[in-house]
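Residue numbers (the numbering used here): -11 to 267. Here a beta-carbon is modelled for each residue, glycine too, at the ideal position from N, C-alpha and C. The structure under discussion appears below in the form of structure tokens.
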Amino acid sequence: MVVTDLDGTLLDHYSYDFKPAMAVVGSLKRFGIPLVFNSSKTYAEMRYLQDQLGILDPMIGENGSAIYLPKARFYKAQSAWQDHGDYWRISLAKPREHWLQMLAEYPDQASILSFSYMGVQGVMNATGLGWAESERASQREYTEPLMPPGDPSKKESLVQYLSARGAVVQQGGRFMTVGDSVDKGRAMQALICLWQQAFQMPLRTLALGDGLNDIAMLQQADDAVWIRSPINPVPEGVRHMDWHITRGCGPAAWAVATGAWLGQYGPLLNSKSAKEHHG
Ligand SMILES: [Mg+2]
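Right, here's the structure in full:
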């Protein structure tokens, strides 16, 4: 199983291009190796990308808030799984409505400029994304991005209010995101358990990421690849791990690293499936 971050990893940091990775994605498909997105993105954003790559594999969305399992591979749902189109959804976090309610009760409403308040048009204006992309980014199920108040003391008060009520506030480039205490690593661990329950087969995992929020995910993997970022240095902690650090950046580096991993483990898979095929 290959578990991957999206922005800056499978997708180019600047252009969101993934073409350099297409050939290796094709090889994963031929070997029947699931390519799992593990991203801060929404279900709608990830499904759109899956359609472009022609895959229907498990996904982890909104920074570890939920696992999505394709019904095509997981026939029998467990009782806690929720029906979600082509997928089953397993929630690991409180829903977005919980945080929206908390924001609605904040005394200084003028300080709050959230995605739900802005609407799709507002998200377009704030991000520079097109209409369809803004709409997919707005279809959030577990987390709420906010434009932080410009006044630092107002921002501080808002963060304190939210933290005191159990929210985790993550600072992004432009937005701060309010949500539950989750991480990509715990969600990946839960997905591996579900996969092994369902298929009763040994599993080898490769994880790839480029950001601090990917470290917990890389720690869960048998093989881990740190994709070099064009803007940030490799964190000191990452240098000391037994992880492969790529020379290049983005999808081209992703393709080299995943291709090498596949070269190592793919032939084993191939001979195994060939044997099964011939009984
Ligand atoms: Mg990233």
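If you compare alpha carbons, which of Gln89, Leu57, Tyr2 and Gln158 is closest to aspartate 74?
-> For the residues Gln89, Leu57, Tyr2 and Gln158, the minimum Cα distance to aspartate 74 belongs to Leu57.
Which word fits tryptophan 119, buried or exposed, when buried means at least 16 other C-beta atoms lie within 10 angstroms of its C-beta?
-> exposed
Could you give the residue range of the alpha helix (DSSP H) that holds glutamine 148?
-> 140 to 152
For leucine -1, which residues does DSSP report across the bridge?
-> Asp(-5)
Output the distance between the C-alpha atoms of tryptophan 183 and glutamate 85, rounded to the nearest integer angstrom.
-> 29 angstroms
Would you say glutamine 89 faces chain C, with C-beta separation under 9 angstroms as the test?
-> The chain labelled as chain C is not found in the depicted structure, where only one protein chain is given.
Is it the case that the Cβ atoms of alanine 281 and alanine 195 are separated by a distance below 9 angstroms?
-> The shown model of the chain, from -11 to 267, leaves out residue 281, and the question about it has no answer.
Opposing strand residues paired with cysteine 237 [DSSP bridges] | Arg216
Which word fits glutamate 224, buried or exposed, when buried means at least 16 other C-beta atoms lie within 10 angstroms of its C-beta?
-> The residue is exposed, with fewer than 16 neighbouring Cβ atoms inside 10 Å.
Rounded straight-line distance, which links the Cα of alanine 248 to that of methionine 10 = 15 angstroms
Based on the DSSP output, what are the partners of aspartate 211 in its beta bridges?
-> Answer is Leu194.
Any contact of the stretch 15 to 26 with the stretch 36 to 50, i.e. 3+ C-beta pairs under 8 angstroms?
-> yes
Residues that DSSP places opposite glycine 42 in a beta bridge = Answer is none; glycine 42 lacks a bridge partner.
Give me the Cα-Cα distance between phenylalanine 19 and leucine 150, rounded to the nearest whole angstrom.
-> Whole-angstrom Cα-Cα distance: 46 angstroms.
Kindly indicate which residue of Ile215, Asp168, Leu146 and Met205 has the alpha-carbon position closest to the one of alanine 175.
-> Met205
Identify the residues that DSSP records as bridge partners of methionine 47: which are they?
-> Phe25 and Tyr56
Opposite histidine 72 in the DSSP bridges: which residues?
-> Tyr75
State yes or no: is the C-beta of arginine 124 within less than 9 angstroms of the C-beta of threonine 30?
-> Contact annotation: arginine 124 and threonine 30 have beta-carbon atoms nearer than 9 angstroms.
Does ligand 1 have even one heavy atom less than 8 angstroms from the beta-carbon of leucine -6?
-> Under cutoff, so the answer is yes.
Just how far apart, CA to CA, sit threonine 234 and isoleucine 203?
-> Between threonine 234 and isoleucine 203, the C-alpha separation is close to 15 angstroms.
Hey, could you find the ends of the alpha helix (DSSP H) leucine 182 is sitting in?
-> 172 to 187
Is methionine -3 near ligand 1, with its Cβ less than 8 angstroms from a heavy atom?
-> Looking at the sequence shown, residue -3 is not methionine but threonine. Yes, the beta carbon of threonine -3 sits closer than 8 angstroms to at least one heavy atom of ligand 1.
Taking C-beta to C-beta, are glycine 167 and threonine 115 nearer than 9 angstroms?
-> no
Aspartate 96: which of Glu121, Pro221, Glu144 and Ala60 sits nearest, CA to CA?
-> Nearest option by C-alpha distance: Glu144.
Let me know the secondary structure DSSP gives glutamate 93 once reduced to three states.
-> coil
Pull up the distance between the alpha-carbon of proline 140 and that of glutamine 158, whole angstroms please.
-> 16 angstroms
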